[in-house]
Amino acid sequence: MLPFYISRFGNPHSRTHLYGWESEEAVESARAQVAQLVGANPKEIFFTSGATESNNISIKGVLRFYRDKKRHVITTQTEHKCVLDSCRTCSRRVLM
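Taken in order, the sequence shown gives residues 1 to 96; the numbers are from the UniProt record's numbering.
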């Protein structure tokens, strides 16, 4: 990934120029490698901006999936703030 920090500054969603094409190719190659490593389909691999976004998506997805079956989430105050905030927000919106 180092070249993309130093000299290849393309946005993988900008497909009208070489930098965008190279970036998209690198992202898709990484997606395929991760999928192969974990035994998934590349379409099942999502990249996020970081831990907070990943935690929020995961928590909300699990809560929606189990919405009709499970009504409680157990967590502790030692969880990361984004986990606690996401659980708190979901409980107020009755996603749980």
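C-beta atoms are modelled at their ideal positions from N, C-alpha and C, and glycine is treated no differently. Model, not experiment: these values are computed from the prediction.
Got a sec? Which residues, its chain only, sit under 6 angstroms from residue i by beta carbon, not counting five neighbours each side?
i: I59; result: S86
i: V27; result: P12
i: I45; result: R31, V34, A35
Starting from residue i and walking both ways along the alpha helix (DSSP H), at which residues does that stretch end?
i: F4; result: 2 to 6
i: R88; result: 81 to 92
i: H31; result: According to the sequence shown, residue 31 is Arg rather than His. Its alpha helix (DSSP H) spans residues 18 to 38.
i: K60; result: 51 to 65
Quick one: measure Cβ to Cβ for residue i and residue j, integer angstroms, because I've assumed they're closer than 8 angstroms.
i: C82; j: N56; result: 6 angstroms
i: S14; j: G20; result: 4 angstroms
Suppose contacts are defined by Cβ-Cβ distances below 7 angstroms. Is residue i in contact with residue j by that definition?
i: E25; j: R8; result: no
Three CB pairs or more closer than 8 angstroms across the stretch 49 to 66 and the stretch 82 to 91: yes
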